[in-house]
Structure formats: C-alpha cells, structure tokens
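>
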Amino acid sequence: MLPEIRKILYATDLSENARHAFGYAVSLANRYGAGITIMHVLEDVQPFADSLVVNMLGEERWKELRKANEDQVLERLRGRLKDFCDEVSRELPSCPFITDEIIVKVGNPSEEILDQIASGGYDLVVLGAHGHGILGNALMGGVSRRVVRRSKTPVLVIRLPKE
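Here it is in structure tokens:
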C-alpha cells in the first residue's frame, strides 16, 4: 500500500537558505495535493538568563517584549511565504499549495517540533540542515538530527546551500 501524503509539516529557522527546503515542501504538496503547516520555533532563553532579564525589566515588560518578538517573527514568516508564492506564481498561474497553518512557538526547537509532529497527524516532515561543524553536525544540523532520530513520522532533510 502506498502512503498518502496529505499533511506536511515544514519547520524553518527563517534563514535565507531555508527557502531551499521550502521549495521541496511546496513541490511535494503540489504533487500530492497536500496542505503545509509552517512552523518556526523561537529558542527560549535559559532560565538563568530569563530570571536576570525579569529582574532588570520586570515580569510584565519581559512578557510584552517576548510577545512582540513572537508577533514580529510570525509577520516575517508570512511575508516570506507571500514572497515565495509570488515567485512560484511567475511559473504557475496560482500558488500550488495550501497553507494549513502557520505556527510560532517558543522553546527548544527540536522538542517543540517533535511535540508538533506527535500532535499534528502529519504524513511527512520537511526541514533543512545546515550541517555546521566537523564532528557532531557533519552530515546534518543538530535540530534536524535530533528530529530524525526521535520522530515516528517520516522526515525529509534537505541539505541547505552553503551560502
């Protein structure tokens, strides 16, 4: 029995190179008529650093700043998505994929992605890997490596260009 791909999770770090992996997610969504959920995780500050900032700014101000940062990232992601659709529409009459949802979370990127995979009912996960470093990350980035190891859903890791 051939697997059906109806829901794709595309996790991005919002880098310019991540658009390369997004192209694969869009191509697969177009081919299979799947929807894409786009996810970005803002890495949470360490608890010690968090408490220092709260002591300096106050808890309410810190919450306001964090919320503003989350909103800014969401808008940036939406802007990039629109730009990509514009580029794709030059080649095709309409943008060839459906965006199911745009998710921005705060926390540990690998853990948040794995939680989303477990709760979202995805058929495929697409993410990019920078492959920085000689030892631990020689073949793929740290986040993507952890997701591949622990995900029960198939993961397509796209090696990102070096630029």
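The numbers in my numbering rise by one with no breaks, and the one at position 125 of the sequence shown is 129.
Glycine residues also receive a C-beta, built at the ideal position from the N, C-alpha and C atoms.
Just so it is clear, the structure is predicted and the values come from calculations on it, not from any experiment.
#1: For the stretch 62 to 77 against the stretch 107 to 121, do three or more pairs of beta-carbon atoms, one drawn from each stretch, fall closer than 8 angstroms, so that the two count as touching?
#2: Measure the beta-carbon distance from residue 26 to residue 14 and round it to whole angstroms, keeping in mind my assumption that it falls under 8 angstroms.
#3: What did DSSP end up calling residue 134 once you bin it into helix, strand or coil?
#4: From what residue to what residue does the beta strand (DSSP E) around residue 14 run?
#5: Rounding to the nearest angstrom, what Cα-Cα distance links residue 143 and residue 22 in this structure?
#6: Which residue from 150, 9, 154 puts its Cα closest to that of residue 41?
#7: What are the boundary residues of the beta strand (DSSP E) that includes residue 111?
#8: How about residue 118 and residue 160: do their beta carbons lie closer than 8 angstroms?
#9: I'd like to know whether the C-beta atoms of residue 1 and residue 130 end up nearer to each other than 8 angstroms.
#10: How would you label residue 47, buried or exposed, when you count the other beta carbons within 10 angstroms and need 16 or more for buried?
#11: Pick helix, strand or coil for residue 60, following the three-state DSSP scheme.
#12: DSSP three-state label for residue 91, please.
#13: If the criterion is Cβ atoms closer than 8 angstroms, does the pair residue 121 and residue 28 meet it?
#14: For residue 105, which option in 43, 32, 24 has the closest C-alpha, if you only look at C-alpha atoms?
Based on what the coordinates show:
#1: Taking a cut-off of 8 angstroms for Cβ pairs, the stretch 62 to 77 and the stretch 107 to 121 touch, as three or more such pairs fall below it.
#2: 6 angstroms
#3: coil
#4: 11 to 15
#5: Residue placement at residue 143 is poorly supported in this model, since its pLDDT is 47, which falls under 50; the coordinates still yield a value, given next. Their backbone Cα atoms lie some 16 angstroms apart in a straight line.
#6: 9
#7: Taken as a continuous stretch (DSSP letters only), the beta strand (DSSP E) holding residue 111 covers 102 to 111.
#8: No, these two residues do not count as a Cβ contact at 8 angstroms.
#9: Since the first residue shown for the chain is 5 and the last is 167, residue 1 is missing from the structure and cannot be characterised.
#10: The residue is exposed, with fewer than 16 neighbouring Cβ atoms inside 10 Å.
#11: Of the three classes helix, strand and coil, the one that applies to residue 60 here is helix, per DSSP.
#12: helix
#13: no
#14: 43
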